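Going by the numbering used here, the sequence shown opens with residue 26, and the numbers climb by one from there.
Down below is the structure, laid out as structure tokens.
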Amino acid sequence: MARGARAACALAILASALSGQDFTQRGFIESDVALYPETAPQDSGNAVGDALLRYEASYRPLAWLRFAGSLDAGFDTHRQVERSFRMDWQDRSLRRPALSLREFNATLSKGRFTADFGKQFIRWGKADLLNPTDRFAPKDFLTVTDSHFLAVTAARLIYDTGTDSIDLVWQPRFTPSRTPLIDDRWTVLPDALAGVPITDSGARFPGRSSFGARWNHTGSGYEVSASFFDGFNPLPLLEGFTTASGLEIQRSYPALRLYGADAAVPLSWFTVKAEAAYYTSPGRAQDEYVIYVVQLERQIRELSIVAGYAGSAITARVPGFQFSPDLGFARALLAHMQYTIDTNRNVSLDAAIRQNGAGSWLRGEYSQGLGQHWRVTAGLTWIRGASSDFLGEYRRNSFALLALRYSF
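Right, here's the structure in full:
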């Protein structure tokens, strides 16, 4: 039996066999439809439907030991989800798996030490708008502006004194970010490739491990961190090869060494947060650059406001093309606002506006709970700009969203 299948069986046995106050379970079923008023050169569809079932369970047999896991089962109308029904645990497929082991790990806690082993979510950084130091957090970018995080298989050790903490991570197996499909509206090709058959010929995945360390200090009226990462960029370099039948594209993942820092300072009127990272390429396979974020955060009763600026600077260029949303959202004014109307209703707004006005992205959502288990969400994403801008190239992809969720 494959390792992913064994882990899924273990999770199912855990859910069915255990009971009591140390065992918890929850989940949801969600169905949504996205409506695109415009078609795209690669995609003539105007509607995309998705359905997702997620089940989460955790069990604490001892005070110092906890097991947690979750399963996803999905289906869609646009073939962004695989049609083959197999258990996936690696998250290396081009499309989302129909059935996947989303997370499965064990947490051991003793005194100031906490250790996590297995497939888990690891988040670094303090900023809310963009996280340059967050290198153990690959994403699913099939819908570029509505990405979500993927878990990584890793061992993590945290030593926390309350004032200082040290976070060490070893990732033995590489997990890439999932990029837009070649024949999908979220892949924008140059005009010169219009009508050329393009085939994805697979990926060359790194063979060695990735490592990272982060130190965090909480002082009187401030908090600062410094981090280091030595591994690989989860975003691929794309190499094209001309064949008799058209163009083949292969993905590779360059070595990446990162040096980062972040800080948060609460003031009387707002909290200032800053985060920056320097991306270096030991093999000179990708550009080297700095990304930084400075933001202000304020809570006014039920209204939360975050606004700031993300900037970047290229220090060394390397020929080639790399899909890089982090750089794409840099050099822009960023904002997030959420207002809680009452216990059942809230409204939110997200925005990114390029400093030169060449591109803009706005997303507004209204969400309302219906009874104890149901929630409906309606949203609108508006994208405009020049074809030469990262945001502007998706100007045909504005869409309306309607989602219905049942939680259990």
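A virtual CB, placed ideally from N, CA and C, is assigned to each residue, including glycine.
Bear in mind that the values here come from a model prediction, so they are computed numbers and not experimental data.
Query, Result
"Alpha carbon of residue 301 to alpha carbon of residue 307, nearest angstrom", "19 Å"
"Residue range of the beta strand (DSSP E) that includes residue 47", "No beta strand (DSSP E) contains residue 47, which DSSP labels as neither H nor E."
"Sheet register partners of residue 386 (DSSP bridge)", "377 and 408"
"Close beta carbons around residue 413, own chain, < 8 Å, minus the five adjacent residues each side", "383"
"Nearest-angstrom Cα separation, counted from residue 396 out to residue 278", "46 Å"
"Contact under 9 Å by Cβ, residue 309 with residue 341", "yes"
"Alpha-carbon spacing of residue 171 relative to residue 358, whole angstroms", "18 Å"
"Where the alpha helix (DSSP H) through residue 353 begins and ends", "350 to 353"
"Residue 423 and residue 408 closer than 9 Å at C-beta", "yes"
"Classification of residue 311 by the beta-carbon crowding that lies within 10 angstroms, buried from 16 upward", "buried"
"Neighbourhood of residue 427 by C-beta, 7 Å cutoff - its chain only, sequence neighbours within 5 removed", "57, 58 and 403"
"Short Cβ contact (9 Å threshold) for residue 204 with residue 110", "no"
"Nearest candidate by alpha-carbon position, reference residue 163, set 153, 149 and 154", "149"
"Coil, strand or helix - residue 331 by DSSP", "strand"
"The region 220 to 238 / the region 70 to 89 touching (three or more Cβ pairs under 8 Å)", "no"
"Residue ranges of each beta strand (DSSP E) within the region 168 to 202, 3 or longer", "177 to 185 and 189 to 196"
"Start-end ranges of the beta strand (DSSP E) lying completely within the region 267 to 341, minimum 3 residues", "271 to 277, 280 to 291, 296 to 305, 313 to 325 and 328 to 341"
"Contact check, residue 394 vs residue 374, beta carbons under 9 Å", "no"
"Status (buried if at least 16 other CB within 10 Å, exposed otherwise) for residue 72", "exposed"
"Entirely enclosed beta strand (DSSP E) segments - the region 88 to 147, minimum 3 residues", "90 to 101, 124 to 135 and 138 to 145"
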